[in-house]
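Chemist: I have a structure I would like to understand better, so I am pasting it below and will then ask my questions one at a time.
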Amino acid sequence: MGNYLFDLVKARIPAPEAPFALLDDGRRYSYADMLDASARSANALVTLGVKPGDRVAVQVEKSIEALMLYLGTVRAGAIFLPLNSAYTPAEIEYFLGDAGPSVFVCDPAKAEALKPYAEKAGAKLETLGVSVGTLFDKAAAASPDFADVERGADDLAAILYTSGTTGRSKGAMLSHDNLASNALALVDYWRFTKDDVLLHALPIFHTHGLFVATNVVLFAGASMILLPKFDPEQVFKYLPQATSMMGVPTFYVRLLQDARLTKEATAHMRLFVSGSAPLLAETHREWRERTGHAILERYGMTETNMNTSNPYEGERVAGTVGFPLPGVAARVTDPETGKVLGRDEIGMIEVKGPNVFKGYWRNPEKTAAEFRADGFFITGDLGKIDPAGYVHIVGRGKDLIITGGYNVYPKEVETEIDEMPGVVESAVFGCAHPDFGEGVTAVVVVKPGADITAASISRALDQRLAKFKLPKQVFIVDDLPRNTMGKVQKNLLRETYRDIYARQMKAGE
Ligand code: AMP
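Here full-length UniProt numbering is used: the first residue of the sequence shown is 1, the next is one more, and so on.
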């Protein structure tokens, strides 16, 4: 049978000496080095007692060693479980308890604090940093030969916990074929070849950096410049050697603020991809003006890998996430009844295909609740499909505001605000309102020195939106709260402004 995912990787290696990764400390990894180091990791895991189907939980900083641990885990037939490096020990306790890993690998600096939690969960604690740590030593001493453990298309390769902005994080179970089918589709759709060099500045505990970026490189037999994190200095240093970059919208916003971003600086690039959070149409336009490149926006999630993408050839329409990828079906339904809606009608986005996960780890009820009887996964994102077939996202279902019985899609109000001169960006959300159920509330970031106030924003909106959609309160803020993937954390905004309408009523305003 072989090892489904890793056999596909091996079959695509252009040549043993072909480059796989260039590191900022000058080290170079060829594909032969990748095979050697991942085999050593696999041997080290097996020596620790890891068996097929075991979880290997990992909370480490980004490094080539961590990527080799991912591949070694897959080769050993185990399940890779990366955890956000920002999680606190108390949060880690939950993940270890839920996942029951046989090994937990952490940063050497955190071992002391995390030891009790590993012990409590019955996991062996190992450490891994850049070329240091107990697991690094074990891998270095292990054999570079490894007979890959047999795994089929439906066996699990990874569990990734969702970011958990609505309640506890859930472990999304991803099979070998979930990852392989998506990598193959993306290589083809985005025209990756062995000559590509990807600038890799994303974290590797998330689907974007771990699967989209890394697996696309592996499945194309391409190479990457592996940066420890996003840093504009590093990006400008390496752009002349790269052909492609994948980023979250914040990367593009930050790079636009830098005078070094020019057509010349990006002349060697053929593709900029954005995803994980909405890219402002303004950012798309500015990027095109400054560099001549149209950012290609795609849409995916932990549970489904990538679902849709703007085309490589053909129009990349700003504010849309493009078409369903080959093999992926997408539809929009009425969130209440599940009835399939027509073009341009807003509803729940549902997807089906080989990319869609196998369910939530040890949570059959939640899994059943999020799939339709015909196998479509209910993404939780609201959106529409326009007459040309482009998918538009208008926000998470949980962000929908119901005010006085009317539905307000935050994106519609945000788009109006964002188009006003002097506005950088905005976030619109609902807060409890004694009369209306929820009150539409907006926070707005404005350009320094811009002649714009909360009152002038409200006045301008009055001309453009139906009365029920108008924010009852507008606040000017310095910036929006974002998580590491650049997503605006509306849950934090709702929390911050929770009582505003109740207080207002009390004060008799
Ligand atoms: P995660 O599971 O952390 O990858 O988050 C997935 C969620 O991010 C999706 O359900 C969407 O709400 C959001 N998302 C991902 N890509 C995009 C995009 N291009 N535009 C808007 N939202 C996006």
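C-beta atoms are modelled at their ideal positions from N, C-alpha and C, and glycine is treated no differently. As the structure is a prediction and not an experimental result, all values here were calculated from the model.
#1: Mind checking which residues open and close the beta strand (DSSP E) that includes glycine 422?
#2: So what's serine 456 in DSSP terms, helix, strand or just coil?
#3: Quick one, what's near the ligand AMP if you take every residue whose CB is closer than 7 Å to any heavy atom, in chain order?
#4: Please classify asparagine 305 as buried or exposed, where buried requires at least 16 other C-beta atoms within 10 Å of its C-beta.
#5: Whole-angstrom Cβ separation of methionine 348 and proline 335, contact assumed at under 8 Å?
#6: Would you report the Cα separation of alanine 11 and serine 175, rounded to the nearest angstrom?
#7: Kindly list the residues whose CB is nearer than 7 Å to the CB of isoleucine 13, restricted to its own chain and excluding five residues on each side of it in sequence; keep chain order.
#8: Hey, how far is the Cα of glutamine 473 from the Cα of threonine 441?
#9: Glutamate 126: which of Asn178, Ala78, Pro354, Gln59 sits nearest, CA to CA?
#10: Give the range of the alpha helix (DSSP H) segment to which aspartate 381 is assigned.
#11: With residue 564 as the anchor, note down where its alpha helix (DSSP H) starts and where it stops.
#12: Around the C-beta of glycine 209, are 16 or more other C-beta atoms found within 10 angstroms, so that it is buried, or is it exposed?
#13: Taking the beta strand (DSSP E) that tyrosine 29 falls in, what are its first and last residues?
#14: What are the boundary residues of the alpha helix (DSSP H) that histidine 176 is part of?
#15: If we ignore side chains and look at the alpha-carbon of each, how far apart do isoleucine 346 and leucine 382 end up?
#16: What is the rounded straight-line gap between the Cα of methionine 68 and the Cα of alanine 142?
#17: Compute the beta-carbon to beta-carbon distance between phenylalanine 230 and arginine 260, rounded to the nearest angstrom, for a pair I have assumed lies under 8 Å.
#18: Under the rule that 16 or more other beta-carbon atoms within 10 Å means buried, what is alanine 78, buried or exposed?
#19: Identify which residue in Thr134, Pro240, Ala157 has its Cα closest to the Cα of threonine 266.
#20: Ignoring anything shorter than 3 residues, give me the beta strand (DSSP E) runs that lie fully in the segment 69 to 120, in order along the chain.
#21: Would you check if the distance between the CB atom of asparagine 355 and the CB atom of asparagine 182 is smaller than 9 Å?
#22: What separation, rounded to the nearest whole angstrom, lies between the Cα atoms of glycine 404 and glutamate 438?
#23: Buried or exposed for glycine 395, please, with buried defined as at least 16 other CB atoms from any protein chain shown within 10 angstroms of its CB.
#24: In angstroms, rounded to a whole number, what distance separates the CA positions of aspartate 188 and leucine 325?
#25: At which residues does the alpha helix (DSSP H) containing glutamine 504 begin and terminate?
#26: Leaving out the 5 sequence neighbours to the left and right, which residues in its chain are closer than 7 Å to leucine 400 when beta-carbon positions are compared?
#27: Around the Cβ of valine 273, are there at least 16 other Cβ atoms within 10 angstroms (buried) or fewer (exposed)?
#28: For arginine 343, which residues of its own chain have a beta-carbon under 8 Å away from its beta-carbon, when the five flanking residues on both sides are left out?
#29: Rank Met269, Trp287, Thr291 by C-alpha distance to the C-alpha of valine 262 and give the top, closest one.
#30: In this structure, how does DSSP classify leucine 128 when only helix, strand and coil are distinguished?
#31: Is arginine 316 closer than 9 Å to serine 350 when the C-beta atoms are compared?
#32: So is tyrosine 360 in contact with chain C if we call contact Cβ pairs under 9 Å?
#33: Roughly how many whole angstroms lie between the Cα atoms of phenylalanine 328 and serine 309?
Modeler: Looking at the coordinates:
#1: Element bounds for glycine 422: n/a, residue is neither H nor E.
#2: helix
#3: Thr162, Ser163, His206, Thr207, His208, Ser274, Gly275, Ser276, Ala277, Pro278, Leu279, Glu297, Arg298, Tyr299, Gly300, Met301, Thr302, Glu303, Val321, Thr379, Gly380, Asp381, Ile393, Arg396, Met485, Lys487
#4: buried
#5: 4 Å
#6: 19 Å
#7: Tyr31, Gly221
#8: 5 Å
#9: Gln59
#10: No alpha helix (DSSP H) holds aspartate 381; the beta strand (DSSP E) holding it covers 377 to 385.
#11: There is no way to answer for residue 564, as the model of the chain reaches only from 1 to 509.
#12: buried
#13: 28 to 30
#14: 176 to 189
#15: 7 Å
#16: 14 Å
#17: Between arginine 260 and phenylalanine 230 the Cβ distance is about 15 Å, and since that is not below 8 Å, they are no contact.
#18: buried
#19: Pro240
#20: 79 to 82, 103 to 106
#21: yes
#22: 7 Å
#23: buried
#24: 10 Å
#25: 500 to 506
#26: Leu382, Asn407, Tyr409
#27: buried
#28: Lys384, Ile385, Asp386, Pro387
#29: Note on residue identity: the sequence assigns threonine, not valine, to residue 262. When only C-alpha atoms are compared, the closest one is Thr291.
#30: coil
#31: A quick correction: the sequence has glutamate, not serine, at residue 350. Their beta carbons are not under 9 Å apart, which means glutamate 350 does not touch arginine 316 by this criterion.
#32: Of the protein chains in the structure, only one exists, and it is not chain C.
#33: Before going on, a small fix: residue 328 reads as valine here, not phenylalanine. Going from the Cα of valine 328 to the Cα of serine 309 covers about 11 Å.
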